[in-house]
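Below you'll find the structure, written out as structure tokens, and then a few comments.
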Amino acid sequence: MDYNFKEIEKKWQAYWAENQTFKTEIDPSKPKYYVLDMFPYPSGAGLHVGHPLGYIASDIYSRYKRLKGFQVLHPMGYDAFGLPAEQYAIQTGQHPEVTTTNNINRYRSQMDRIGFSYDWDREVRTCDPGYYKWTQWAFLKMFGSWYDRSAGKARPIEELVQAFERGGSRAADAACSEDMAFSAKQWKAYSDREKSDVLMNYRIAYQGETAVNWCADLGTVLANDEVKDGLSVRGGFPVEQKKMKQWQLRVSAYAGRLLDGLDKIDWTDSLKEIQRNWIGRSEGAEVVFKCWNGVTEHDVTIFTTRVDTIFGVTFMVLAPESDLVDILTAPECKAEVEAYLAYVRKKTERERIAETKTVTGVFSGSYGINPFTGEKVPIWISEYVLAGYGTGAIMAVPAHDSRDYAFARKFGLPVVPIIEGCDVSQESFDAKEGRMCNSGFLNGLEVKEAIPAAIDYVEKEGLGRRKVNYRLRDAIFSRQRYWGEPFPIYHKDGIPTPVAFEDLPLRLPEIDAFKPTESGEPPLARAKNWTYRGYPLETSTMPGFAGSSAYYLRYMDPHNEQALVSKEANAYWRDVDLYIGGTEHATGHLIYSRFWNKFLYDLGYVCEDEPFRKLINQGMIQGRSSFVYRVVGTNRFVSLGLKDQYETTEIHVDINLVRNDRLDLAGFKASRPEYADAEFILENGEYVCGWAVEKMSKSMFNVVNPDKICDDYGADTLRLYEMFLGPLEQSKPWDTQGIDGVHRFLRKFWRLFYEDGTLSVSEEKASRAELKVLHKLIGKEQADIEAFSFNTTVSAFMIAVNELGELRCRKREILEPMTVLLSPFAPHIAEELWRALGHTESITYARFPEFDPALAAEDTVTYPVSFNGKMRFTIDLPKSLAAAEVESSIRALDQTARYTEGKQVVKVIVVPGKIVNFVLK
RNA sequence: GCUCUGGUGGUGGAAUGGUGGACACGAGGGACUUAAAAUCCCUUGGGCAGGAAUGCCUGUACGAGUUCGAGUCUCGUCCGGAGCACCA
0 MDYNFKEIEK KWQAYWAENQ TFKTEIDPSK PKYYVLDMFP YPSGAGLHVG
50 HPLGYIASDI YSRYKRLKGF QVLHPMGYDA FGLPAEQYAI QTGQHPEVTT
100 TNNINRYRSQ MDRIGFSYDW DREVRTCDPG YYKWTQWAFL KMFGSWYDRS
150 AGKARPIEEL VQAFERGGSR AADAACSEDM AFSAKQWKAY SDREKSDVLM
200 NYRIAYQGET AVNWCADLGT VLANDEVKDG LSVRGGFPVE QKKMKQWQLR
250 VSAYAGRLLD GLDKIDWTDS LKEIQRNWIG RSEGAEVVFK CWNGVTEHDV
300 TIFTTRVDTI FGVTFMVLAP ESDLVDILTA PECKAEVEAY LAYVRKKTER
350 ERIAETKTVT GVFSGSYGIN PFTGEKVPIW ISEYVLAGYG TGAIMAVPAH
400 DSRDYAFARK FGLPVVPIIE GCDVSQESFD AKEGRMCNSG FLNGLEVKEA
450 IPAAIDYVEK EGLGRRKVNY RLRDAIFSRQ RYWGEPFPIY HKDGIPTPVA
500 FEDLPLRLPE IDAFKPTESG EPPLARAKNW TYRGYPLETS TMPGFAGSSA
550 YYLRYMDPHN EQALVSKEAN AYWRDVDLYI GGTEHATGHL IYSRFWNKFL
600 YDLGYVCEDE PFRKLINQGM IQGRSSFVYR VVGTNRFVSL GLKDQYETTE
650 IHVDINLVRN DRLDLAGFKA SRPEYADAEF ILENGEYVCG WAVEKMSKSM
700 FNVVNPDKIC DDYGADTLRL YEMFLGPLEQ SKPWDTQGID GVHRFLRKFW
750 RLFYEDGTLS VSEEKASRAE LKVLHKLIGK EQADIEAFSF NTTVSAFMIA
800 VNELGELRCR KREILEPMTV LLSPFAPHIA EELWRALGHT ESITYARFPE
850 FDPALAAEDT VTYPVSFNGK MRFTIDLPKS LAAAEVESSI RALDQTARYT
900 EGKQVVKVIV VPGKIVNFVL K
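Just so we're aligned, residue 0 is where the first sequence starts under numbering that gives the first Met the number 0, counting upward by one.
Listed below in structure tokens is the structure:
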């Protein structure tokens, strides 16, 4: 029998499915291990070879852990709500559910061919009502909770109400959108409507008016991580800042915990760093400046990390969007300020980013009093101060902040240096070093001493307080779209009220068209009877990240109708031990999921504070595009080596028409009508194509479909080759050329068992040399898999199989464990050979072979050697060496060893093949 | 600007501080074959010497340093990739 991968793979895939080989239940007798892939968004294009890279790695690890005796949870599902399906629906009128289901089926059939060991009974789809019931449930829990800063956790909103009744707003230290002050008496006097408004200020899921990213082309608001360089990540449409009332999640309350939690988890430094940047902690103080607009007095609180520079303040600046602008604009400046605000409002986010170098601003006509010096400084308004960070107002120290410096120079404001000896004639001195001067009681201190001294003074004198600020904002949670989870909220006389738990899931209604209404309301407003208990339901839907934030918990107990996850299932599976996925989710999903999990942890629904213990980011697989060169103005194409002799245009050519960079001329002519009569200028009778590494995409004609690889080489070859390409975490181009080597390896492996088509495995005892090959491999594979170095493991396999081939080893004692070792990587061929050896149970239930280091090691003897009468070595020589060879090896060492002592260089080189190791004493 | 990464043959990539380039692709040569496919063998960083076995020099972006010994550790420079960015 030959290695017929098609038959073998079909047979075992059917067998595994039929016998539910990978069905996983709680088994307290075994340690658990949870391996998770970031579930895919099923796009219409299907999978290309880049997508399964991470899935293959996680599958290998899962299978390895099973062989090691772990109970492994390894599920898969679909992130099925989202914009692309809906955009497609708007264009074609086809229901997003139909396209989504079709895409999911396509994904499933593609994944099934690769031989993954998923427990498909646990599949989840975020658009399934049975699933989004729990997304809605979690939202309601957040709606019904507040964040207690003194306890450092979320608590039920009823407890906050009790606190307010007891002692008003002072009775609780609650995270909020804006500071409020009211007494218990006032609280009790509030109407229901007023109470609702006040509580909204504290809820973890809340509706509030803030500046949001509005994308007119998509007709929806977007979260910060869905916007890049002023364009929407999906679709690339312009985004503008707009003040709107939106549902939001109080992620900012968790900023400190999200930051600290990073120290406890095993993620790459670079990914942790991305999250740290995104959270953006900075330590400083809030300081209150008394301000005067010519008519009334008003306090302005500013945030600064450099209180020490306060003696250098020469002006203050407000963000144009700040509420303070209205209050602090002096009557005589009103016209100019209005004009400036209009100018700022007109700018798109993109223009603002592009023009950060241009300095603009306007004087408000008001003045503030420096609380340290009593000095009067002018208040300006400028777009370089952001409304959303800190308090939207700053103290400007032009001598020691480059942005303030640029502003001062442009508008002729004074620059007062307060660090000894610094030169601020050309630029500001931003460094946190030097000795203070012109700074009253801070004079003579080093900057590092001055900062805490100044903060202490602020607190002691009651001028403000110590404050840690975060860049992380609350997540905007509503979308004016159809294809998402409906909010389980109805508006009862203007009061947002939760839908009762028994009525969840609140199903997505059918509507006649998937676009906004004529009056600009979200699509759900089209639904007939979109009401609850006679009141209108919320018409926004939840964003994509809602459904993906807790899916790893649902896999633990996917059919539970009473809870997101039962206590029992959660107590067993706890958290994800290994999570594999792309870095692109660093500031989105991976922040939201951690937040979501911490929230559920606070309320006691889950038992782990961090959801993902270890995280690996697989690199992207890029495409390797091919090019032909058309001579300008003709239909002649010139080969790569000769193209410099002509003026040419570079044209992408379908990589299916290219092999070894040589173009299939007939295929090329047939590919498009305009190429039918193409002529070629060849070199050595061939057309050589150029190439480049680019993103894998249809428009570059470089997409490689895994189905095609499975057809031509088999799933086992695909799996091995994807691992063989290079380190998992690195991005690398797909190059189909190298795949033959891996396929050849599998055939060689097959031929160790089969000779001339018949199984010929002997029961003879293995030799020392054969055992060495086996145990070297066991040791290597174990260490490499634990280190996720799969490419070197594949190489080690190739070496072992070559060595066994040379030894003509056909012994069961060696070959049987070899199939087990190979099974995580190439499960189909391993299963086939395992059965051929007479086993009746799947190789999945085999045990990973025991590693014996003594058998793997070189059989050596250690000899002491002295060199030059001074240096003493030990050298290890193969035991098999004859006495004469030992002597000559030692002598060779003596002559060629390289040892540098003082200035005298003596050469010492170890003779290859003779000396295994030498150790300097 | 700040932070994180990385830089090794024609290509993908190997190397607990200890023979640099494993393994594989590609290329060249050869065997088998009527032929092709498949399979197998040899050569393959660069340079020099030799009829040959082989020997010598040089080589991990660049420059210093630590070390008996550096692709690996330290500092500086250059060049990629990624993230954040008027965040006070």
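Even glycine gets a Cβ: it sits at the ideal position worked out from N, Cα and C.
| Residues bridged to Y469 [DSSP beta-bridge criterion] | BP columns for Y469 point to R280.
| Under a Cβ-count criterion, where at least 16 other Cβ atoms within 10 Å of its own Cβ denotes burial, should V211 be classed as buried or exposed? | Buried is the call here.
| said: Comparing C-alpha positions only, which one of E17, Q90, D1, L507 sits nearest to F80? | reply: Ranking the options by Cα distance to F80, first place goes to L507.
| query | Which partner residues of P237 appear in the DSSP bridge assignment? | reply | BP columns for P237 point to L230.
| message | DSSP three-state label for I842, please. | response | In the displayed model, I842 falls within a helix according to three-state DSSP.
| request: Go through its chain and collect everything with a Cβ distance to A329's Cβ below 6 Å, but skip five positions before and after it. | output: N292, G293, G364, S365.
| Segments assigned beta strand (DSSP E), at least 3 residues, entirely inside the stretch 57–125 | Taken in chain order, the whole beta strand (DSSP E) runs of length 3 or more contained in the stretch 57–125 are 70–72.
| query | On the premise that H73 lies in contact with Y14, defined as a C-beta separation below 8 Å, what is that separation, rounded to the nearest angstrom? | reply | About 18 Å; that fails the 8 Å criterion.
| request: Using the Cα positions of V948 and G389, report the straight-line distance between them to the nearest angstrom. | output: Past the edges of the chain, shown from 0 to 920, lies residue 948, and the structure says nothing about it.
| request: Can you tell me which of the three DSSP states F410 falls into? | output: Collapsing the DSSP output to three states places F410 in a helix.
| Any 3 or more C-beta pairs closer than 8 Å across the stretch 513–521 and the stretch 108–125 | In short, these stretches do not touch, since the Cβ pair count stays below three.
| query | Count the other CB atoms within 10 Å of the CB of D36; is the residue buried (16 or more) or exposed (fewer)? | reply | Counting other Cβ atoms within 10 Å of its Cβ, D36 reaches 16 or more and is therefore classed as buried.
| message | Quick check on Q990: buried or exposed, where buried means 16 or more other Cβ atoms within 10 Å of its Cβ? | response | There is no way to answer for residue 990, as the model of the chain reaches only from 0 to 920.
| field | Sub-8 Å separation of A765 and I708 beta-carbons | value | Going by C-beta atoms, A765 is not nearer than 8 Å to I708.
| field | Between the CA atoms of S547 and L257 - distance to the nearest angstrom | value | Taking the straight line joining both Cα atoms gives about 18 Å.
| query | With burial defined as no fewer than 16 other Cβ atoms inside 10 Å of the residue's Cβ, what is the status of D325: buried or exposed? | reply | With fewer than 16 Cβ atoms within 10 Å of its Cβ, D325 is classed as exposed.
| So, using beta-carbon positions, are F723 and V741 closer together than 8 Å? | Contact: yes.
| In chain order, which beta strand (DSSP E) runs of at least 3 residues are fully inside the stretch 159–214? | Within the stretch 159–214, the complete beta strand (DSSP E) runs of at least 3 residues are 204–214.
| query | Which of helix, strand or coil does DSSP assign to N616? | reply | DSSP, reduced to helix, strand and coil, places N616 within a strand of the structure shown.
| request: Could you tell me whether the stretch 803–823 touches the stretch 839–851, where touching means 3 or more Cβ pairs closer than 8 Å? | output: The stretch 803–823, when compared against the stretch 839–851, does touch it at the 8 Å Cβ threshold.
| said: Closest to V245 by C-alpha separation, out of F476, I301, A318, V226, would be which residue? | reply: Note that residue 245 is Gln in the sequence shown here, rather than Val. It is F476.
| Helix, strand or coil at L758 according to DSSP, with G and I counted as helix | In the structure shown, L758 sits in a strand (DSSP, three-state: E or B).
| field | Rounded C-alpha distance that separates M435 from V312 | value | Near 14 Å, if we compare the C-alpha coordinates of V312 and M435.
| Cα-Cα, which of E331, G114, R275 is closest to Y469? | Closest by alpha carbon: R275.
| task | Report the three-state DSSP secondary structure of S269 (helix, strand or coil). | result | Three-state DSSP puts S269 in a helix.
| Candidates V627, R635, F748, of which the one nearest A691 by Cα | Distance from the Cα of A691 is smallest, within the candidate group V627, R635, F748, for V627.
| request: Taking W925 as part of the alpha helix (DSSP H), name the residues at either end of that continuous run. | output: This structure does not reach residue 925, given that the chain is present from 0 up to 920, and the question cannot be answered.
| query | Based on the DSSP secondary-structure assignment, which residues constitute the bridge partners of K491? | reply | Here K491 is bridged, per DSSP, to I494.
| said: Quick check on DSSP: helix, strand or coil for A222? | reply: In this structure, A222 counts as coil in the three-state DSSP scheme.
| Residue from E8, M179, G207 whose Cα sits closest to the Cα of I113 | Measuring from the Cα of I113, the nearest candidate turns out to be E8.
| request: Compare the beta carbon distance of V760 and R811 with 8 Å and say whether it is the shorter of the two. | output: R811 is positioned such that its CB atom lies closer than 8 Å to that of V760.
| query | So, are the CB atoms of Q109 and P705 less than 8 Å apart? | reply | Annotated as proximal: Q109 and P705, with beta-carbon spacing under 8 Å.
| So does the stretch 209–228 actually touch the stretch 194–201, counting three or more Cβ pairs closer than 8 Å? | They do not touch, by the three-pair rule.
| field | 8 Å Cβ cutoff met for E285 and R402 | value | No, Cβ-Cβ distance for E285 and R402 is not below 8 Å.
| query | Span of the beta strand (DSSP E) holding S539? | reply | For S539, there is no enclosing beta strand (DSSP E), as DSSP marks it with neither H nor E.
| query | For H558, does the count of other Cβ atoms within 10 angstroms reach 16, so buried, or fall short, so exposed? | reply | Looking at its Cβ environment, which holds fewer than 16 other Cβ atoms inside 10 Å, H558 is exposed.
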